[in-house]
Amino acid sequence: MISFTDINITGLADWSKIHFIGIENYENLFKDPTFLQSIGNSIFYVVIGVPLVIACSMGIALLINFGNSWVFRLFRLIFYAPSITNVVAVAVVWNYLYNPQFGLLNFILHFVHLGPVPWLQDPIIAKISLIILALWRAIGVDMLIFLAALQGIPKAYYEAAQIDGANSWQRLIKITIPMLRFATFFVTVTTLIGWLQFFEEPFVMTSGGPLNSTNSIALFIYQNGFQFSKFGYAAAGSMVLFVIIILVTLIQFRGQHKQQDNQM
Amino acid sequence: MNESIQHKKLSKLIVLIILSVGGFFMVLPFIWMLLSSVKTDMEILQIPPTVWPKSFTLDNFINLFTQMDFLIYLKNTIIIVLFSFIGLFLNAMAGYGFAKYKFKGKNSLFYLVLATMMIPGQVTMIPVYLMLNMAHLTNTLLGIALPGMVGAFGIFLFRQFMSTISDEIIEAARLDGCSEFYIFWKIILPVSRPVLAVQGILTFIAGWNSFIWPLIIANDQKYYTLSVGLALLKGQHASNYALQMAGSAFMVVPIVIVFLALQKYILQGFNVSGMK
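Protein chains in written order, with the working numbering: chain A, 1 to 264; chain B, 265 to 540.
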């Protein structure tokens, strides 16, 4: 409802100042280059980020599932640890690591004779830097989901395959990955939604810059609603985000059903 | 046979090496944070950076509390955590209601609760802000804590667990003349300890880390939480990395300690929530 009005800071104090302006907010929204850019950035995050998160967390889960001794349990703890930490705190730490002059990362690169990388200064590299940070935090939870799924695969399948002479690579491709289908689906949906709502990392590290190149839809909504006090406009933005999330989720569920039907 | 055992050992070694390299990069930011937080301002701006601090100093941590308002932020954060524990209790009550009582429209009400899980936070952010503003709760601690107190996921988890408690116990207690609240307090809560532990830890972490609501609601620095204070610190002391690292360490280390102490329950919690 709010998204159809021109409510702003004066409207907060005096309700009679609020006018019903129909879909004007939405019209302006799709003419606003900043909004279009933030949608583009969010698509970039999703396209690069989702496959990366899935590949990394599944890979690590497979590796950790390899053994059961205390070393592997220790690694499980280590990989999980980043995901419980405070986003703001780690963003501040990574901001320091990414510092072009004093940061550790460029120092390491210098050590191996590579030129300095402008981690947060270049529009495209800045996006990738933020993805790396988010990936670092996301691995833990998703890895645990994959691990739980891996432990649910009956051992008998592997034994049967071994008797049939399948090597370990074939077993991975033909048994493990298909059996992880549900976990993969779950992780894909949650990661996708997570990337669409990407907020704290760009807020703390770049405030959407340089040149709005790291602005996400969620950050756009925050800036308009709470920094510029254009509540109606921001609410319209949040409705667009909501529709995108619902659509994406529905498409995912469709795809999942189709896949299952094909296998029947 | 001997060959296959050797083969297995070799692949295990390779796996361990890959994991070690990955693990090193996972903990590197933590280690660098801790090392940097005890360096002096001078040392931290040196090129090339020193790996091991030359002189240990706790000045950065002391500065956080004397020059910055971290004591106030800490107090606010603790208050919010306490509020969210009250919320946890309400979640448990709601879960019990959905699990064990029969009333009209129970199922549709429960689906309504579940549906709220689907809606992203940004969509409700502005309406909730305007509502709080109408109730004059913006810029108060209550306003920060209120929206996050009850959550669909918590209710759902409690309901799932509490439906497995047998009805006979509750019936027997009723026959003995126990009040409903007494049953909830003395029977249901103790039995639900596993879920309570998981939810308690998650609640603590969420409260400690809460960022976006305090940021929106609190205009006044005296209502800032640690996260918001840290973001402010980053803006104000952009080049004092030692101070920033100390602030980050102060936020991260307690969580890591809680996590290490209770990791058994947290990892178990994934199995509980996985059983749904």
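Just so you know, even glycine gets a beta-carbon here, dropped at the ideal spot from N, CA and C.
Helix, strand or coil: how does DSSP classify H501(B) here? coil
Reference I350(B); option with closest CA among G464(B), I295(B), I433(B), A482(B): Across the set G464(B), I295(B), I433(B), A482(B), the C-alpha of G464(B) shows the shortest separation from the C-alpha of I350(B).
Looking at F468(B): is its Cβ nearer than 8 Å to the Cβ of V345(B)? yes
Using a Cβ-Cβ distance cut-off of 8 Å, determine whether Q170(A) contacts chain B. No, because no Cβ of chain B sits closer than 8 Å to the Cβ of Q170(A).
Where M265(B) and Q527(B) are concerned, what is the direct C-alpha to C-alpha distance, given to the nearest angstrom? Residue confidence for M265(B) is low, a pLDDT of 48 falling below 50, so the modelled location carries little weight and cannot support an answer.
Note down, in chain order, every chain B residue with its Cβ under 9 Å from the Cβ of W70(A). Residues of chain B passing the Cβ test: none, with the nearest at roughly 12 Å.
Buried or exposed, going by whether 16 or more other CB atoms sit within 10 Å of the CB of D164(A)? exposed
Using a threshold of 7 Å, is the CB atom of L280(B) nearer than that to any non-hydrogen atom of the ligand MG? For the structure depicted, the ligand MG is absent and the ligand set is empty, with no information on it obtainable.
Contact set between Q121(A) and chain B, taken where Cβ atoms lie within less than 9 Å: For the C-beta of Q121(A), not a single chain B residue is nearer than 9 Å; the gap to the nearest is close to 14 Å.
Going by the beta-carbon positions, is the gap between A126(A) and P210(A) smaller than 8 Å? Yes, they are a contact pair.
Hey, how far is the Cα of V536(B) from the Cα of A149(A)? Note that V536(B) scores a pLDDT of 48, beneath 50, so its modelled location is shaky and nothing firm can be said.
When you compare each of E27(A), Q170(A), R181(A), I221(A) to H257(A) by their alpha carbons, which one comes out closest? R181(A)
Assess contact between the segment 225-234 of chain A and the segment 42-61 of chain A, defined as three or more Cβ pairs (one per stretch) separated by less than 8 Å. Is contact present? no
Q386(B) lies in the alpha helix (DSSP H); which residues open and close that run? 385-398
So that I know if they touch, is there some Cβ in chain A lying closer than 8 Å to that of M332(B)? no
Residue of N68(A), S57(A), M58(A) minimising C-alpha distance to F280(B): According to the sequence provided, residue 280(B) is Leu. The question's Phe does not apply to it. Nearest C-alpha to L280(B): N68(A).
Residues of chain A with CB closer than 7 Å to the CB of P293(B), please, in chain order. Near P293(B) (Cβ distances below 7 Å), the residues of chain A are V90, V93, W94, L97.
Helix, strand or coil at D142(A) according to DSSP, with G and I counted as helix: helix
Please work out which residues of its chain come closer than 6 Å, Cβ to Cβ, to G499(B), disregarding the five sequence neighbours upstream and downstream, and give them in chain order. none
At a CB-CB cut-off below 7 Å, which residues of chain B make contact with I84(A)? I469, I519, F523
Identify the contact partners of W296(B) in chain A, using a Cβ-Cβ distance below 9 Å as the criterion. Under the 9 Å cutoff, chain A gives V93, Y96, L97, L104.
My assumption, with CB atoms under 8 Å, is that E201(A) sits in contact with A89(A). Please give the rounded CB distance. That belief does not hold up - the Cβ atoms of E201(A) and A89(A) are roughly 12 Å apart, past 8 Å.
Candidates K273(B), H271(B), L490(B), V520(B): closest to W472(B) by CA position: L490(B)
DSSP three-state label for Y488(B), please. coil
Can you pull the chain B residues whose beta carbon is under 8 Å from the beta carbon of Q283(A), in chain order? Lying outside 1 to 264, the shown extent of chain A, residue 283(A) is not represented and no answer is given.
Applying the criterion that 16 or more other CB atoms from any shown protein chain within 10 Å of the CB defines a buried residue, is F35(A) buried or exposed? buried
So A37(A) is in the alpha helix (DSSP H); what residue range does that whole segment cover? First, the residue type needs correcting, since residue 37(A) is Gln and not Ala in the sequence shown. Boundaries of the alpha helix (DSSP H) around Q37(A): 33-64.
Which residues in the same chain have their Cβ closer than 8 Å to the Cβ of V414(B), if we skip the five residues on either side of it in sequence? G351, L354, N355, A358
Using a cut-off of 7 Å between C-beta atoms, extract the partners of F231(A) located in chain B. I390, L394
For chain A, check one thing: does any of its Cβ atoms lie closer than 8 Å to the Cβ of L283(B)? Yes, L283(B) counts as interfacial toward chain A.
Quick one: does V204(A) have its CB under 8 Å from some CB of chain B? yes
Of the choices N324(B), G407(B), F420(B), Y393(B), whose alpha-carbon is the least far from that of A506(B)? Closest option to A506(B), Cα to Cα, is N324(B).
Using 8 Å as the limit for Cβ to Cβ distance, is G225(A) near chain B? The beta-carbon of G225(A) is placed less than 8 Å from the nearest beta-carbon of chain B.
Anyone know if the C-beta pair for I39(A) and I217(A) falls short of 8 Å? Cβ atoms of I39(A) and I217(A): closer than 8 Å.
Would A234(A) and I390(B) be called neighbours here (beta carbons separated by less than 8 Å)? Yes, these two residues count as a Cβ contact at 8 Å.
Use the C-beta contact count for K540(B): other C-beta atoms within 10 angstroms, 16 or more gives buried, fewer gives exposed. With a pLDDT of only 36 at K540(B), under 50, the local geometry of the prediction cannot be trusted, and the value read off the model is given with reservation. Result: exposed.
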